[in-house]
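J.: The opening position of the sequence shown corresponds to residue 1 in the UniProt record's numbering, with each subsequent residue numbered one higher.
I am attaching a structure below and will ask some questions about it afterwards.
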Amino acid sequence: MLIILSAGPLSVIQDLGRKGYQHLGVSPGGPMDEHAFSWANRLLDNPINTPCVEITIGMFRAQFTHETTFALTGAQMAGTLNGKKIAPWQSYHAYANDTLELRGASSGTRAYLAVKGGFCVPNILGSSATVMRDELGGLTTKGEALKANDCLPYPNTPLMMRRQTPPQFIPAYSPKVTLDLIASYQFDWFTKAQHQRFFDSEYTLTPHCDRMGFRLSGTPIVCHQQRLISEGTALGAVQIPADGQPIILMRDRQTIGGYPKLGCLSAQSVNQLAQSQPGTHITFRLISLENAIEQQRQEQRFFQHYVG
Numbered sequence: 001m002l003i004i005l006s007a008g009p010l011s012v013i014q015d016l017g018r019k020g021y022q023h024l025g026v027s028p029g030g031p032m033d034e035h036a037f038s039w040a041n042r043l044l045d046n047p048i049n050t051p052c053v054e055i056t057i058g059m060f061r062a063q064f065t066h067e068t069t070f071a072l073t074g075a076q077m078a079g080t081l082n083g084k085k086i087a088p089w090q091s092y093h094a095y096a097n098d099t100l101e102l103r104g105a106s107s108g109t110r111a112y113l114a115v116k117g118g119f120c121v122p123n124i125l126g127s128s129a130t131v132m133r134d135e136l137g138g139l140t141t142k143g144e145a146l147k148a149n150d151c152l153p154y155p156n157t158p159l160m161m162r163r164q165t166p167p168q169f170i171p172a173y174s175p176k177v178t179l180d181l182i183a184s185y186q187f188d189w190f191t192k193a194q195h196q197r198f199f200d201s202e203y204t205l206t207p208h209c210d211r212m213g214f215r216l217s218g219t220p221i222v223c224h225q226q227r228l229i230s231e232g233t234a235l236g237a238v239q240i241p242a243d244g245q246p247i248i249l250m251r252d253r254q255t256i257g258g259y260p261k262l263g264c265l266s267a268q269s270v271n272q273l274a275q276s277q278p279g280t281h282i283t284f285r286l287i288s289l290e291n292a293i294e295q296q297r298q299e300q301r302f303f304q305h306y307v308g
């Protein structure tokens with residue numbers, strides 16, 4: 001088992017999310033940074049949907065009760081194993097009573113901890129993903145964050161060769177990011193002048209950012225047509241509420257919403273945003289749906305053939 005000694009501000013069990021229930025008002029959940037989550041499992045040859053621990057900000061300590069191979073990806077959190085420094089985007093061997101510690105995040109926001117064979121946690125509605133707003137998933141199936149003294153079972157597996165993520169797939173988390181926007185939803189409700197204003201402006205990520213949504217601050221965007229029947233919401237949708245300050249919907253978003261939306265972020269930009277800290281400066285650029293899909297395909301081609 002992995003015994004949680006300190007869970008920090010927020011540590012939760014995540015897999016790829018609860019698919020097919022948004023029409024019933026159930027949020028999908030899933031990893032905020034799917035790229036880092038996927039590499040944590042890939043380094044261990046786990047199935048892509050194997051549950052991991054998503055650790056936000058850091059301040060996390062845990063003890064292994066028996067040997068395993070584990071992987072750590074995502075944010076730089078000054079990790080140590082039995083007091084010896086370890087780096088993210090690699091796999092490591094842990095033995096009985098070894099202690100893993102992650103301190104405060106210096107770069108990025110979220111780290112992913114995976115073990116060979118995965119954590120043995122309950123499945124509800126086809127997923128183990130923790131969604132606190134829906135009180136679903138996680139260790140207790142009630143959508144609760146991990147806490148001290150929680151125990152996460154994992155299987156007995158032979159130690160495997162250590163691996164690391166190829167350098168070209170390790171993101172550089174920056175205080176300035178440019179996010180790709182796919183024009184959709186009510187993009188045409190906004191005037192060309194408002195489009196230009198949006199793409200020419202620099203926004204700041206506010207402290208009001210969580211697994212539901214990220215609020216930005218900057219040049220307000222005006223949509224003169226505010227009356228909109230509530231509709232389904234997609235991951236990365238960029239909402240413009242009455243105050244004109246963008247809100248970007250994330251994994252635990254509400255399933256319907258009535259604000260006008262400029263479009264959605266590309267999958268890669270959602271991952272990039274998920275690792276951004278409050279105060280990050282954000283600009284946007286337009287990308288076609290076709291180019292966004294091709295970006296994803298290029299990464300997946302390598303990912304599927306990676307052997308370490």
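Yeah, the Cβ is synthetic: ideal placement off N, Cα and C, and Gly gets one too.
Fair warning: this is a prediction, and the values are worked out from it, not measured in the lab.
1. Could you pull the DSSP bridge partners for Val121 from this structure?
2. Could you check what DSSP says for Phe37 in three-state terms: helix, strand or coil?
3. Label Asp243 either buried or exposed according to how many other C-beta atoms from any shown protein chain fall within 10 Å of its C-beta, with 16 as the threshold for buried.
4. Note the first and the last residue of the continuous beta strand (DSSP E) segment covering Glu105.
5. Report yes if the C-beta distance between Leu72 and Ile57 is below 8 angstroms; otherwise report no.
6. Can you pull the DSSP bridge partners for Gly74?
7. Between the beta-carbon of Thr109 and the beta-carbon of Ala75, is there less than 8 angstroms?
8. Let's see if you can read the secondary structure: which residues bound the alpha helix (DSSP H) around Ser269?
9. Given this structure, state the Cα-to-Cα distance separating Ile282 from Pro207, to the nearest angstrom.
10. Between the C-alpha atoms of Met160 and Trp189, what's the straight-line distance to the nearest angstrom?
11. Can you name, in chain order, every residue of its own chain whose Cβ lies under 6 angstroms from the Cβ of Pro153, other than the five neighbours on each side?
12. Hey, would you say Arg42 sits closer than 8 angstroms to Gln90, going by beta carbons?
13. I'd like the span of the beta strand (DSSP E) that includes Phe60, first residue to last.
14. Kindly indicate which residue of Ala234, Lys116, Ile240 and Phe303 has the alpha-carbon position closest to the one of Ser266.
15. For Glu67, I'd like the list of residues in its chain whose CB is within less than 6 angstroms of its CB, leaving aside the five on either flank, ordered along the chain.
16. Take Leu289 and list the residues in its own chain whose beta-carbon comes closer than 7 angstroms to its own, dropping the five residues that flank it on each side.
17. Cα separation between Gly258 and Val222?
18. Going by DSSP, what residues sit across from Gly282 in a beta bridge?
19. Within its chain, find whatever has a CB closer than 7 angstroms to the CB of Asp150; leave out the 5 residues flanking it on each side and keep chain order.
20. Please say whether Ser11 and Phe60 have beta carbons closer to each other than 8 angstroms?
21. So the candidates are Leu205, Leu100 and Phe64; which of them puts its Cα closest to the Cα of Leu81?
22. Just mark Asn291 as buried or exposed, buried being the case when its beta carbon has 16 or more other beta carbons within 10 Å.
T.: In terms of the structure at hand:
1. The residue you call residue 121 lines up with position 121 of the sequence shown. None; Val121 has no bridge partner.
2. On the sequence shown, position 37 is the one that residue 37 refers to. Helix, per DSSP.
3. For this step, residue 243 is matched to residue 243 along the sequence shown. Flag for Asp243 reads exposed.
4. Here residue 105 refers to the residue found at position 105 of the sequence shown. The displayed chain sequence assigns Ala, not Glu, to residue 105. That residue, Ala105, is in no beta strand (DSSP E); it is neither H nor E in DSSP.
5. Along the sequence shown, read from residue 1 onward, the residue named residue 72 stands at position 72. Along the sequence shown, read from residue 1 onward, the residue named residue 57 stands at position 57. No, these two residues do not count as a Cβ contact at 8 angstroms.
6. Counting from one through the sequence shown, the residue named residue 74 turns up at place 74. According to DSSP, which records beta bridges pairwise, Gly74 is partnered with Ala111.
7. Here residue 109 corresponds to residue number 109 of the sequence shown, with the count starting at 1. Here residue 75 corresponds to residue number 75 of the sequence shown, with the count starting at 1. Yes, they are a contact pair.
8. Residue numbering aside, residue 269 sits at position 269 when the sequence shown is read from its first letter. Ser269 -> alpha helix (DSSP H) spans Ala267 to Ala274.
9. The residue given as residue 282 occupies position 282 in the sequence shown. The residue given as residue 207 occupies position 207 in the sequence shown. Approximately 14 angstroms, taken between the alpha carbons.
10. Here residue 160 corresponds to residue number 160 of the sequence shown, with the count starting at 1. Here residue 189 corresponds to residue number 189 of the sequence shown, with the count starting at 1. Their Cα atoms are separated by approximately 55 angstroms.
11. Position 153 of the sequence shown, counting from 1, holds the residue named residue 153. The answer, listed in chain order, is Met1 and Cys120.
12. One-based indexing of the sequence shown puts residue 42 at position 42. One-based indexing of the sequence shown puts residue 90 at position 90. Not closer than 8 angstroms, so no.
13. On the sequence shown, position 60 is the one that residue 60 refers to. That run of the beta strand (DSSP E) goes Phe60 to Phe64.
14. For this step, residue 266 is matched to residue 266 along the sequence shown. Closest by C-alpha distance to Ser266, out of Ala234, Lys116, Ile240 and Phe303, is Ala234.
15. Within the sequence shown, numbered from 1, the residue matching residue 67 stands at position 67. Apart from sequence neighbours up to five positions away, the residues of its chain that approach Glu67 with a beta-carbon distance below 6 angstroms are Tyr95, ordered along the chain.
16. Residue mapping note: residue 289 aligns to position 289 of the sequence shown, counting from 1. The residues are Ile182.
17. Residue numbering aside, residue 258 sits at position 258 when the sequence shown is read from its first letter. Residue numbering aside, residue 222 sits at position 222 when the sequence shown is read from its first letter. Computed Cα separation, rounded: 15 angstroms.
18. Within the sequence shown, numbered from 1, the residue matching residue 282 stands at position 282. Correcting the residue identity first, residue 282 is Ile in this sequence and not Gly. Partner(s): Val177 and Tyr203.
19. As a working mapping, residue 150 is identified with position 150 in the sequence shown. Once the five neighbours on either side are set aside, the close Cβ partners of Asp150 are Ile4 and Leu139.
20. Working through the sequence shown from its first residue, we reach residue 60 at position 60. Working through the sequence shown from its first residue, we reach residue 11 at position 11. In this structure, Ser11 lies closer than 8 angstroms to Phe60 by Cβ.
21. Looking up residue 81 in the sequence shown gives position 81. Leu81 has its Cα closest to that of Leu100, out of Leu205, Leu100 and Phe64.
22. Walking along the sequence shown from the start, residue 291 turns up at place 291. Label assigned to Asn291: exposed.
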